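Protein chains in written order, with our numbering: chain S, 1 to 370; chain R, 1001 to 1370; chain B, 2001 to 2370; chain C, 3001 to 3370.
Protein chains: 4
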Amino acid sequence: MADSQELKVAIIGGAGFMGSAHSKSWALAALQTPTDAKPVKAVVVERDLDLALATAEKFGWAEAADDWKAIVDRDDIDIIDVVTPPHMHADIVCYALERGKHVFCEKPIANAREDVERIVTAARAASGVTAIGFNYRHNASIQYAAHLVASGAIGDVIQARFEYHQDDAFSDMGWRRYKARGGSGASSDIGSHILDLAHYLVGDIAEVNASLTTVKLTDDDDSDVDDGGAFLAHFDTGALGIFSFSQKSHGNFAHIRFEIDGTEGGIGFDWNQRDVVRVFRKAADGRSQGGFVATPVAAGAPGVWFGSSSLGSGYLEPSTNLMVDFLGAIEGGDRPQGDLEHGARIQSVVDAVWKSAETRSWVAPEPFGA
Amino acid sequence: MADSQELKVAIIGGAGFMGSAHSKSWALAALQTPTDAKPVKAVVVERDLDLALATAEKFGWAEAADDWKAIVDRDDIDIIDVVTPPHMHADIVCYALERGKHVFCEKPIANAREDVERIVTAARAASGVTAIGFNYRHNASIQYAAHLVASGAIGDVIQARFEYHQDDAFSDMGWRRYKARGGSGASSDIGSHILDLAHYLVGDIAEVNASLTTVKLTDDDDSDVDDGGAFLAHFDTGALGIFSFSQKSHGNFAHIRFEIDGTEGGIGFDWNQRDVVRVFRKAADGRSQGGFVATPVAAGAPGVWFGSSSLGSGYLEPSTNLMVDFLGAIEGGDRPQGDLEHGARIQSVVDAVWKSAETRSWVAPEPFGA
Amino acid sequence: MADSQELKVAIIGGAGFMGSAHSKSWALAALQTPTDAKPVKAVVVERDLDLALATAEKFGWAEAADDWKAIVDRDDIDIIDVVTPPHMHADIVCYALERGKHVFCEKPIANAREDVERIVTAARAASGVTAIGFNYRHNASIQYAAHLVASGAIGDVIQARFEYHQDDAFSDMGWRRYKARGGSGASSDIGSHILDLAHYLVGDIAEVNASLTTVKLTDDDDSDVDDGGAFLAHFDTGALGIFSFSQKSHGNFAHIRFEIDGTEGGIGFDWNQRDVVRVFRKAADGRSQGGFVATPVAAGAPGVWFGSSSLGSGYLEPSTNLMVDFLGAIEGGDRPQGDLEHGARIQSVVDAVWKSAETRSWVAPEPFGA
Amino acid sequence: MADSQELKVAIIGGAGFMGSAHSKSWALAALQTPTDAKPVKAVVVERDLDLALATAEKFGWAEAADDWKAIVDRDDIDIIDVVTPPHMHADIVCYALERGKHVFCEKPIANAREDVERIVTAARAASGVTAIGFNYRHNASIQYAAHLVASGAIGDVIQARFEYHQDDAFSDMGWRRYKARGGSGASSDIGSHILDLAHYLVGDIAEVNASLTTVKLTDDDDSDVDDGGAFLAHFDTGALGIFSFSQKSHGNFAHIRFEIDGTEGGIGFDWNQRDVVRVFRKAADGRSQGGFVATPVAAGAPGVWFGSSSLGSGYLEPSTNLMVDFLGAIEGGDRPQGDLEHGARIQSVVDAVWKSAETRSWVAPEPFGA
């Protein structure tokens, strides 16, 4: 139409599930962002040009290409959206950051410690804005839950429980199940999501104690990464964390749940009831009167669409909200809610989880870029 | 990009809530449709050109205009999307149909019987495909529920209950609360949605017996349409229907619920749990064993996105599915799930509800186009 | 043990489901009542002495008998608990009242208008305390809901919806399905329960408009009463009521639900979540902020056991609470929550429902004892 | 009445919460047991005779006493029900077992290892039947869940999660918060309950890794036991267990939840929805089709009252079922579901949890009576 600033997006590796999801979210972000900086779906890059062309057609990108460096080099491209397997992230992200691009990178940031270090170094030196793809925290109910915790509504956190269970590993997960192809296991693939929520809602983690599982269901199952696990955690504040996750949990799909016990109240969330937060606030007499109240987020609160979250939100809304947050940071110069340094922080805890499961002991995360 | 057929859409009256929702759904429909017929958001028309320009910018339409006839007259426009107040529908819809356009019209189809008659006559004579904006039935769980009923899974329907409660009439609803401006009351605004579901899931209605309410909460409330009500219904099959609806129901937002009792089983749905259907199938001994099972819709079923409805669907998915259905009908020559004649059928029952509430008696719907 | 006042109970017709339930409730009432008036399970009366003996053994009654008049005549019996089919109620209740007994009578009070009249006349003349077996209202959450409505928390009622669905009529219901044996249909058997709740929570009903169903599923089904139905109602206040019920609702068991919309808020209840009330209270700005909150009843509230309803209540607690209320009325001279005159009031509405379904018109209840 | 065998019960320490609960359960067990062995509430023993007398009156016991040895010595007493603080259990239980009594003992069995050893030795030598008070597993839905797992419906267990959260430690818990008075912390008080469920549903535990919390909320809080915690566990089968519990969890009351992931399906349970089990069974294609189904337990299944669990069960039903199971074992010579040796097994895991939390390492339970 007119005066709005166009931010041209190139997506690298857009033919898969994440490419499909991002393609919808960028389209919605252009309509949902309150600012004049509107994303434009410019180029989709895949290794194979035919695949790139088909993806452009199917997912609505103006151009297709098979050489990501050539696209990153183009002056008219503003945002590089990296949805490749994680072992390719560092090369692409660093190259893009060095060329002044804004970078949106899917999680996990990378599997190898050296890759993460490279990204953190590049991100610190870069002029571009970065974001990591932790979309679930952008659900309006979770944003409201974080607001409540941050405002002191539940006092100091005593115990916090985070779960993510799905059944994806009962069917073909492609590269995700093989280390050499960039796979990193349920611990990283979905464990990182609830670690992001834990950092967002409670705070940093001082140490973890983990156990991981790898269950072979068929003789030809040659996956070499974990399919589930659990860990205890001590937050910096001393609060106790319990995390469980699995990609072999029949009956669960994208089942994120958390519950946070505080000295003054508590908060609960279930993705299958994603338009409400369960809230408890201590009564005046110090004793629980009643119990959790299932509280829909009010119209106008952050992340709410159409005037009310109760009209019904799904997977697309938080993913789009994340991009709107990123776009706002690009235009306003703010940091987005989760940048690549945050992604590295989460990865340092995943790394500690891996080490703990091997050593059968408590392990403190070793920070990146220290 | 390429070979896909572009279907240029012009939206008439796109600045309001429905314009916002349709703008997102058209964008998603272009990515979600399995066919080559991709919608393109070409023109937004509003009475005021400045408003049209701002809407185009905000909601992502290529052009803005203030003369709907001029836009309908254009040869390059394929689809007319009518989201004006209902008393303007007949003029626009008939004009567009006469010019061979495909027409998507928001519900209710119209309030005045003569308007509905005109639309039915025009639709029957037209070459274009038509659709009415009953979006909720395109939720994947409801599609699955309809499949179950149609396949005989619950036997003959004995009793069916439909509810739609929201709190919208506690705040400003604009033209919706005034007859002269196209408003038609909760009976038509949301009652029509559950009537659509009832026709989809159970069948046609033979007679209704209604009571409507109009509650004045403030001295300056000069609304002249109902704000809620209820009616009993006898379906053509003899099944008993119970319908209740209100726009003054605190605590409820877009709260659609239904439950259908059959001779062999039963089905239930709640919009706040919109990714599952409650299903009961009679055990072999003829007696209920256990009770309802909350059944998420399987991957690959109609209306399911991202491989699973349990990833989380909201308001956008069914609205987009409706447009995808319409686009498929345009390309394939099929009738969409709900065309304008279906919209007229629903309106004939709304009309009977109004008459019944006035006469305090059972009233049979008087069909249009008879 | 000691100084407590023993109130000897004789149950008339105790071998069936209600006898089983009352036998447990009387045992619990002796432990739960806060007063010194403790019920003692003295005599069970059945027509057949062997059945009476077996019942006494099984359900814990000290004596068995087959002549109810002889038992009622005994001076040491204080309370007559009538759980026979309804067509026998009037004779037993009136005989007991005339002999100064306290009378607890199961619902419905009676089917024939002349029977109800006789009971009302006898009850008005009697010195004994009476109670009718509407147990569900004694659930702690419902008691709390009634307290909220009565205290003005939701303002004036606009629309109130009551449902009771079960699947009992898919199996043998014995006398309940035959008029001549005291059966009165779903309208009376379970419809009366939700009518009781409606009177308790909202108030008296001015007129009803009903439709009833009788579905024959097998050739040898010779039941002659309704198996379900629905009615609209206007309360004396002008509020709109919607009632639906069925005993042929697969997947539902004792599924009582209600939702009450008020000008200042709303309340909801679901028997399958019976330890919470959904409550909405209007925010200061007049607009719904958030939605229903699922509120467990606080420790110490009426009807709560073990310090918290969230420890888990079932069917027994409200049934026992009803008896505790009755015992308190006997000791304290108060009227219980629902006496036989209240039972007659409910029956007058059931009677109007029957007449309305026949005449296909609005019918006002004709009071008893007028 | 008649020929039924009376089993006289003496309760030791019956004035508190557990005394109140047992008093109701024994009354109901007499009505609910299918056998002729009916419990009779004979004597309540408290240290203080006045308290004993008041308790007898309030909770319906025929006699009161203050010397437990004298009561245990009586020939006419068949069952000793021990509800004292745990540090008194060993003396009473061993004394009663040595005198040939049947012994029902509340959990935890004891805190000191030497006490547990004494009880195990006595139980093995005794002629009487013993039971430990793990009541929750006797909920009909949990019984059904155990049946499903045992029958192979979900295949091999991969991951199992158990939670018990309540808010009791925000108010006065008396002796429970002090080691010297028999208190043992949330780990033992409620952790033992979910350990019982885990053993019942999944199997024995090989090792645990725990972290416990003790949060002081007020200056005068001199409690010296944990108020919550969590532990990872490896079952003997290799399955991964995650346990969390807290008595400082605002908004939760008796909130027991579990979810068990198997290779062929999964099972979930929530005490706040205690009349259903969530069940998933793998579809033929090996892939999840749909998700969990909320399955009410069928009429006639173990633990179901009144023909259907959906009529509504609460806290009393499982507690009574436990006693009915115990009574059946006394009459039939079977072992009850959980005897005192089972209580000792659970305590050996609690003991390992304590040791693990101290040593910050994986600890294997050290069995009793080995």
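All C-beta atoms in this analysis are idealised placements derived from N, C-alpha and C, irrespective of residue type, glycine included. Here the structure is a predicted model, which means the values were calculated and not measured.
Close beta carbons around V1149 of chain R, own chain, < 8 angstroms, minus the five adjacent residues each side: V1157, L1201, V1202, I1260, G1262, I1267
Check whether V2297 of chain B and V2277 of chain B have beta carbons under 9 angstroms apart: yes
Quick one: which residues of the region 2292-2319 of chain B get their C-beta closer than 8 angstroms to a C-beta of chain S? List them in chain order. F2292, V2293, A2294, T2295, P2296, V2297, A2298, A2299, S2310
Using a Cβ-Cβ distance cut-off of 9 angstroms, determine whether E358 of chain S contacts chain E. Of the protein chains in this structure, namely S, R, B and C, none is chain E.
Identify every run of the alpha helix (DSSP H) within the region 2001-2027 of chain B, keeping only runs that are complete inside it and at least 4 residues long; order them along the chain. none
Which of the residues in the region 238-256 of chain S, read from start to end, lie with their CB under 8 angstroms from any CB of chain C? L240, I242, S244, S246, K248, S249, H250, G251, N252, F253
Where H3147 of chain C falls: helix, strand or coil (DSSP): helix
What is the rounded straight-line gap between the Cα of Q2385 of chain B and the Cα of R2257 of chain B? Summary: the structure shown does not reach residue 2385 of chain B, with chain B confined to residues 2001 through 2370, and so no result is reported for it.
Figure out for me which residue from B:C2094, B:H2147, B:E2114, B:S2151 has the closest Cα to the Cα of T2130 of chain B. B:C2094
Segment contact flag, the region 2115-2129 of chain B with the region 2055-2065 of chain B, C-beta cutoff 8 angstroms, min 3 pairs: no
Pair every Cβ in the region 2214-2225 of chain B with every Cβ in the region 2190-2197 of chain B, then say whether three or more of these pairs are closer than 8 angstroms. no
Pull up the CB-CB distance for A2301 of chain B and Y2164 of chain B, whole angstroms please, since I reckon it's below 8 angstroms. Not really, about 24 angstroms apart at Cβ, beyond 8 angstroms.
Can you find a CB in chain B that lies within less than 9 angstroms of the CB of I1081 of chain R? At residue 1081 of chain R the sequence reads Asp, which differs from the Ile that was named. Chain B contact via Cβ: absent.
Residues in the same chain with beta-carbon distance under 8 angstroms from A2096 of chain B, minus the five sequence neighbours each way, listed in chain order, please. V2072, I2080, V2082, V2103, G2128
Hey, A198 of chain S and S356 of chain S are a contact pair by Cβ (cut 8 angstroms); roughly how many whole angstroms apart? Wrong, their Cβ atoms sit about 16 angstroms apart, outside the cutoff.
Is the CB-CB distance between E317 of chain S and A153 of chain S below 9 angstroms? no
Answer with yes or no whether the minimum CB distance from A3364 of chain C to chain S is below 9 angstroms. no
Look at G314 of chain S and L1311 of chain R and say whether their C-beta atoms are less than 9 angstroms apart. yes
Leaving out five residues before and five after H3250 of chain C in sequence, what residues of the same chain have Cβ atoms less than 8 angstroms from its Cβ? D3167, F3170
Proximal residues, the region 3130-3156 of chain C versus chain S, C-beta separation under 7 angstroms: none
Give the DSSP bridge partners of G3266 of chain C, in chain order. C:D3261, C:F3280
Whether or not the region 1022-1035 of chain R and the region 1323-1339 of chain R are in contact is what I'm after, with contact meaning three or more pairs of Cβ atoms, one per stretch, closer than 8 angstroms; do they touch? yes
Residues sharing a beta bridge with G228 of chain S, DSSP: S:T213, S:S246
Element boundaries [alpha helix (DSSP H), containing W118 of chain S]: According to the sequence provided, residue 118 of chain S is Arg. The question's Trp does not apply to it. First-last of the alpha helix (DSSP H) with R118 of chain S: 113-125.
Minimum Cβ-Cβ distance from I12 of chain S to chain C less than 9 angstroms: no
Leaving out the 5 sequence neighbours to the left and right, which residues in its chain are closer than 7 angstroms to R176 of chain S when beta-carbon positions are compared? G183, D189
Taking T372 of chain S as the reference, which of S:I205, S:F245, S:D172 has the closest Cα? Residue 372 of chain S is absent from the structure shown; chain S starts at 1 and stops at 370.
Proximal residues of chain C, C-beta to C-beta of F2104 of chain B below 8 angstroms: Chain C residues near F2104 of chain B: none, gap ~18 angstroms exceeds 8 angstroms.
Assigned exposure category for L1049 of chain R - 16 Cβ within 10 Å defines buried: exposed
Give me the DSSP bridge partner(s) of K3069 of chain C. DSSP lists no partner for K3069 of chain C.
Can you check DSSP and say which residues form a bridge with K41 of chain S? S:V9
Own chain, CB closer than 7 angstroms to V381 of chain S, minus 5 neighbours either side, in chain order: Within the shown structure, residues of chain S are numbered from 1 to 370, placing residue 381 of chain S beyond reach of any answer.
Have a look at R1137 of chain R and D2275 of chain B and give me their C-alpha separation to the nearest angstrom. 33 angstroms
May I ask you to report which of helix, strand or coil DSSP gives P1108 of chain R? coil
Can you list, in chain order, the residues of its chain with a C-beta nearer than 6 angstroms to that of K1008 of chain R? Leave out the 5 residues immediately preceding and following it. V1040, A1042, D1076, I1077, D1078
What are the boundary residues of the alpha helix (DSSP H) that Q273 of chain S is part of? Looking at the DSSP string, Q273 of chain S is not in any alpha helix (DSSP H), and its letter there is neither H nor E.
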